[in-house]
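Since the structure comes first, as structure tokens, the remarks are kept for the end.
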Amino acid sequence: MLIIGLFKQSIELEQALAELEKIISRERILIAFMDSGENKNDLNNPHAFEVGISFGTAGAVIGVSCGFVLTLGPILWGLFGTAIGFALGLLAYSLVKNGRKRQKQADRMDEATIIIQCEAEQTRKIIMLLQKYQALSVGQVELPQETENENSHS
673 MLIIGLFKQS IELEQALAEL EKIISRERIL IAFMDSGENK NDLNNPHAFE
723 VGISFGTAGA VIGVSCGFVL TLGPILWGLF GTAIGFALGL LAYSLVKNGR
773 KRQKQADRMD EATIIIQCEA EQTRKIIMLL QKYQALSVGQ VELPQETENE
823 NSHS
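In terms of the numbering used here, the sequence shown opens at residue 673 and continues consecutively.
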């Protein structure tokens, strides 16, 4: 029987492993640490230039509108609005991006998968132990058994 448990890397994982080693030998426990690297080519997220251009466009519209009343005229105030809007867009993007990056680093914890080979009688005890130490999920797989009939046909 194979039992598979998924854990966040934490002290609970270490405690579960310590108790498992009391029940089962280390040779029957396999641990795989999962890397949850971020996708670098995420095209759905806006880039700094795109946000800057959007804010710049809004600034240009506001600048031109106000420029009809102000001294320098709509063209110059439109250019001023574009520059100010672009700068504000870059500033807003960097503030939001840095805030999200800090939050992701705080939330991000890599996961570990534990695969345990055990006898059928130990299954319930091991599953309860994994759940006691806050496994994210637990599964079990029954290994195929070779029968005497299969061996005689070979």
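Note that beta-carbon positions come from the ideal geometry of N, C-alpha and C, so glycine has one too.
Keep in mind it's a predicted model, so treat the numbers as computed, not measured.
Where do the ends of the alpha helix (DSSP H) carrying residue i lie?
| i | result |
| --- | --- |
| Phe721 | Ala720 to Gly739 |
| Gln687 | Ile683 to Ile695 |
| Gln803 | Thr795 to Lys804 |
Classify residue i: buried if its beta carbon has 16 or more other beta carbons within 10 angstroms, exposed otherwise.
| i | result |
| --- | --- |
| Leu802 | buried |
| Ile798 | buried |
| Glu820 | Low per-residue confidence applies at Glu820: pLDDT is 44, beneath 50, and the placement is therefore not dependable, though the value from the model is reported in the following sentence. Glu820 comes out exposed. |
| Ala690 | exposed |
| Thr743 | exposed |
| Ala688 | buried |
| Phe721 | exposed |
| Leu767 | exposed |
| Gly677 | buried |
| Leu763 | exposed |
| Gly761 | buried |
| Leu692 | buried |
| Glu814 | exposed |
| Glu686 | exposed |
Could you check which residue in the options has the C-alpha nearest to that of residue i?
| i | options | result |
| --- | --- | --- |
| Asp707 | Thr729, Lys797, Asn770 and Glu783 | Glu783 |
| Glu699 | Ile788, Val813 and Pro816 | Ile788 |
| Leu808 | Gln681, Met673 and Asn770 | Gln681 |
| Glu793 | Ile696, Thr785 and Phe752 | Ile696 |
| Ile701 | Ile675, Gln806 and Leu767 | Ile675 |
| Lys694 | Lys769, Cys790 and Ala730 | Cys790 |
| Asn717 | Arg772, Arg796, Pro816 and Leu815 | Arg772 |
Would you give the residue range spanned by the beta strand (DSSP E) that residue i belongs to?
| i | result |
| --- | --- |
| Glu783 | Glu783 to Gln789 |
| Met673 | First-last for Met673: undefined, no H or E at that position. |
| Leu702 | Ile701 to Met706 |
| Gln812 | Ser809 to Val813 |
Pop quiz: residue i and residue j are said to be a contact at Cβ under 8 Å. What is the actual Cβ separation, rounded to whole angstroms?
| i | j | result |
| --- | --- | --- |
| Tyr765 | Val723 | 4 Å |
| Val736 | Gly750 | 4 Å |
| Thr785 | Ala704 | 5 Å |
| Gly728 | Phe758 | 4 Å |
| Glu684 | Gln806 | 5 Å |
| Ile725 | Gly753 | Rounded, the Cβ-Cβ distance is 13 Å, inconsistent with contact. |
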